[in-house]
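Trainee:
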Amino acid sequence: MPLALLLSRIRLPPAAMASTRSASSARLVRASRAEANPVVREVKRESSVSFDISKPESPSVKRKRVKRELEENGEHPVKQVVPDIEDFRYDKTKALISSSKATPPLVKVEKKARVSAVIKENWEAVLRGIKNMRLSGQAPVDTKGCEKAGSLLPPKERRFAVLISTMMSSQTKDEVTHAAVERLSENGLLDPDAIVRTDEAMLANLIKPVGFYQRKAQFIKEASKICLERFGGDIPDSLNELLALRGVGPKMAHLVMSIAWKNTQGICVDTHVHRISNRLGWVFREGTKQKTTTPEQTRISLEKWLPKDEWEPINPLLVGFGQTICTPLRPKCDMCGINNLCPSAFKESSSPNPKQKKTRSP
DNA sequence: GTCCGGGTCT
DNA sequence: AGACCCGGAC
Numbered sequence: 068m069p070l071a072l073l074l075s076r077i078r079l080p081p082a083a084m085a086s087t088r089s090a091s092s093a094r095l096v097r098a099s100r101a102e103a104n105p106v107v108r109e110v111k112r113e114s115s116v117s118f119d120i121s122k123p124e125s126p127s128v129k130r131k132r133v134k135r136e137l138e139e140n141g142e143h144p145v146k147q148v149v150p151d152i153e154d155f156r157y158d159k160t161k162a163l164i165s166s167s168k169a170t171p172p173l174v175k176v177e178k179k180a181r182v183s184a185v186i187k188e189n190w191e192a193v194l195r196g197i198k199n200m201r202l203s204g205q206a207p208v209d210t211k212g213c214e215k216a217g218s219l220l221p222p223k224e225r226r227f228a229v230l231i232s233t234m235m236s237s238q239t240k241d242e243v244t245h246a247a248v249e250r251l252s253e254n255g256l257l258d259p260d261a262i263v264r265t266d267e268a269m270l271a272n273l274i275k276p277v278g279f280y281q282r283k284a285q286f287i288k289e290a291s292k293i294c295l296e297r298f299g300g301d302i303p304d305s306l307n308e309l310l311a312l313r314g315v316g317p318k319m320a321h322l323v324m325s326i327a328w329k330n331t332q333g334i335c336v337d338t339h340v341h342r343i344s345n346r347l348g349w350v351f352r353e354g355t356k357q358k359t360t361t362p363e364q365t366r367i368s369l370e371k372w373l374p375k376d377e378w379e380p381i382n383p384l385l386v387g388f389g390q391t392i393c394t395p396l397r398p399k400c401d402m403c404g405i406n407n408l409c410p411s412a413f414k415e416s417s418s419p420n421p422k423q424k425k426t427r428s429p
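Sequential numbering of the first sequence, starting at 68, is according to our numbering.
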């Protein structure tokens with residue numbers, strides 16, 4: 068789930084705060100989030116929305132229906148213009164590295180006895196190699212310079228937009244998320260007060276193209292209420308308080324801290340960062356040499372040695388890399404410029420894996 | 001047509 | 001571990 072493109076559209080001006088805090092306590096925070104933020108409980112489902120989508124229907128029928136509904140959406144009380152999602156469609160051919168010529172200058176690897184030593188000596192070369200690969204092709208995240216939409220907004224509104232778009236963005240292509248943000252914007256709903264006054268079902272309908280839209284509509288309403296009641300309409304400026312928002316987990320919280328507040332508290336570990344870090348042998352479960360099993364383990368492990376300057380850029384870098392070359396299934400190791408630095412290179416079979424077993428045998 | 005990925009909550 | 005959703009891979 069590439070966020071960088073989306074977020075690059077909402078980038079803030081260089082005015083930012085520089086205070087740094089301890090980056091460690093996300094877990095504790097999550098554990099105690101209920102106490103930390105009593106409002107969260109109160110806000111709990113105050114409206115239950117029932118949707119016509121509950122009817123059983125075939126996936127394809129449903130797909131068509133949703134599409135149609137999107138197109139017809141103009142009939143709603145809130146005047147809206149469906150953003151041209153088609154115009155934002157992710158062009159996969161563009162995203163793929165076009166030629167083997169993408170291979171960057173390779174760095175010699177000398178076998179070292181100790182894995183950690185190898186990592187320490189090579190991480191810079193690895194990052195450099197990945198950057199080079201990213202230059203030759205255009206991953207979705209590479210399309211920058213779309214600061215227009217975001218830069219028109221005052222800082223506070225921009226931060227709110229970042230929060231809302233982040234909350235909508237998980238499991239959703241950033242083009243779609245962006246369209247949804249635009250739709251909210253066009254309806255004057257990039258504003259906590261307006262959102263709170265908007266019917267949840269209507270909100271859900273507006274953001275329908277994004278995944279899990281009902282749940283997100285609920286969470287966005289809750290978050291807006293909390294922003295209003297506790298933060299003067301601004302978004303929380305600490306990791307803890309962001310994590311206290313329902314629908315905001317570690318990944319999104321770190322992202323929002325980086326993008327909205329320019330105050331990176333930790334690494335934003337999504338599925339790409341998680342997968343690639345493990346393939347590179349960059350991260351281990353506490354006290355073992357085993358791969359990490361959760362993004363949070365990856366984050367902790369990565370933060371232990373990766374210089375803080377790299378914390379923010381590592382996400383868009385690996386996301387783009389993961390979209391184009393180091394894909395979850397059948398990574399394109401032959402096109403990868405750092406395959407000589409990667410302990411996992413060519414080790415994952417290009418045809419279906421042990422995973423196949425996983426079909427159904429309870 | 002079926003299945004799977006992906007972040008978060010429960 | 002399953003639910004939430006959709007698009008894309010198979």
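Ideal Cβ positions, reconstructed from N, Cα and C, are used throughout, including at glycine. A quick note: this is a predicted structure, and the numbers were derived from the prediction, not measured.
(1) If you drop the 5 nearest sequence neighbours on each side, which residues of the same chain put their C-beta closer than 6 Å to that of L270?
(2) Could you round the C-beta distance between G387 and R195 to whole angstroms and report it? I think they count as a contact, below 8 Å.
(3) If we call anything under 7 Å between Cβ atoms a contact, is T233 one with M324?
(4) Given a threshold of 16 other Cβ atoms within 10 Å of its Cβ, counted over all protein chains shown, does F227 qualify as buried or as exposed?
(5) Exposed or buried, which one is K240 when buried takes at least 16 other CB atoms within 10 Å?
(6) For E415, which option in L408, C393 and G404 has the closest C-alpha, if you only look at C-alpha atoms?
(7) Can you tell me which of the three DSSP states F413 falls into?
(8) For a quick check, are the C-beta atoms of T244 and V193 less than 7 Å apart?
(9) Identify whether S165 lies in helix, strand or coil by the three-state DSSP scheme.
(10) Tell me the residue span of the alpha helix (DSSP H) that contains G389.
(11) Which first and last residues belong to the alpha helix (DSSP H) in which N272 is found?
(12) Is it buried or exposed, L306, if we count other Cβ atoms within 10 angstroms and call 16 or more buried?
(13) For N189 and L312, what's the separation of their Cα atoms in angstroms?
(14) Please report the straight-line C-alpha distance between K358 and S368, rounded to a whole angstrom.
(15) With a threshold of 8 Å on Cβ separation, who are the neighbours of F351 within its own chain once the five nearest residues in sequence on each side are excluded?
(16) Where N272 and L251 are concerned, what is the direct C-alpha to C-alpha distance, given to the nearest angstrom?
(17) Can you grab the Cα-Cα spacing for the pair P383 / S344, in whole Å?
(18) Looking at the secondary structure, which residues open and close the alpha helix (DSSP H) in which M324 lies?
(19) Can E308 be considered in contact with the ligand SAM, in the sense that its beta carbon sits closer than 6 Å to one or more heavy atoms?
(20) Go to S237, then tell me how far its alpha helix (DSSP H) extends in each direction, as first and last residue.
(21) For A412 and L219, what's the separation of their Cα atoms in angstroms?
(22) How far does the alpha helix (DSSP H) with N345 in it reach, from first residue to last?
(23) If you draw a straight line from the alpha carbon of P410 to that of Q281, how long is it in whole angstroms?
(24) Can you tell me whether K371 is buried or exposed, with buried defined as 16 or more other CB within 10 angstroms of its CB?
(25) Specify the secondary structure class of T394 as computed by DSSP and reduced to three states.
(26) By how many angstroms is the C-alpha of N330 removed from the C-alpha of E308?
(27) Note the first and the last residue of the continuous alpha helix (DSSP H) segment covering D260.
(28) Would you grab the beta carbon distance between V336 and T355 for me? Rounded to a whole angstrom, and I think it's under 8 Å.
(29) Give me, in chain order, the residues of the same chain whose beta-carbon lies closer than 8 Å to that of E451; leave out the 5 immediate sequence neighbours on both sides.
(30) Pick helix, strand or coil for D304, following the three-state DSSP scheme.
(31) Taking I302 as the reference, which of K223, K399 and I197 has the closest Cα?
(32) Within this structure, are the beta carbons of A246 and G255 separated by less than 7 Å?
(33) Residues in its own chain within less than 6 Å of V248 by CB, not counting five upstream and five downstream?
(34) Closest by CA to E267, which one among K288, K399 and P259?
(35) Compare the beta carbon distance of M235 and I274 with 7 Å and say whether it is the shorter of the two.
(36) Can you say whether R264 is buried or exposed, counting buried as having 16 or more other CB atoms within 10 angstroms of its CB?
Mentor: This is what the structure gives:
(1) A284
(2) Their Cβ separation, rounded to whole angstroms, is 15 Å, which puts G387 and R195 out of contact at 8 Å.
(3) no
(4) buried
(5) buried
(6) C393
(7) coil
(8) no
(9) Caution applies to S165, whose pLDDT of 32 falls short of 50 and renders its modelled position unreliable; the value that the coordinates give is listed next. If DSSP states are grouped into helix, strand and coil, S165 belongs with coil.
(10) W378 to T391
(11) E267 to L273
(12) buried
(13) 38 Å
(14) 10 Å
(15) Q357, K358, T359 and S368
(16) 11 Å
(17) 13 Å
(18) P317 to I326
(19) With respect to the ligand SAM, the structure shown offers nothing to examine, as it has no ligands at all.
(20) Note, S237: premise wrong, no alpha helix (DSSP H); not H, not E.
(21) 45 Å
(22) T338 to R346
(23) 42 Å
(24) exposed
(25) coil
(26) 14 Å
(27) P259 to V263
(28) About 18 Å separates the two Cβ atoms, so there is no contact after all.
(29) The structure shown does not extend to residue 451, since the chain is modelled only from 68 to 429, so the question has no answer here.
(30) coil
(31) K223
(32) no
(33) S232
(34) K288
(35) yes
(36) exposed
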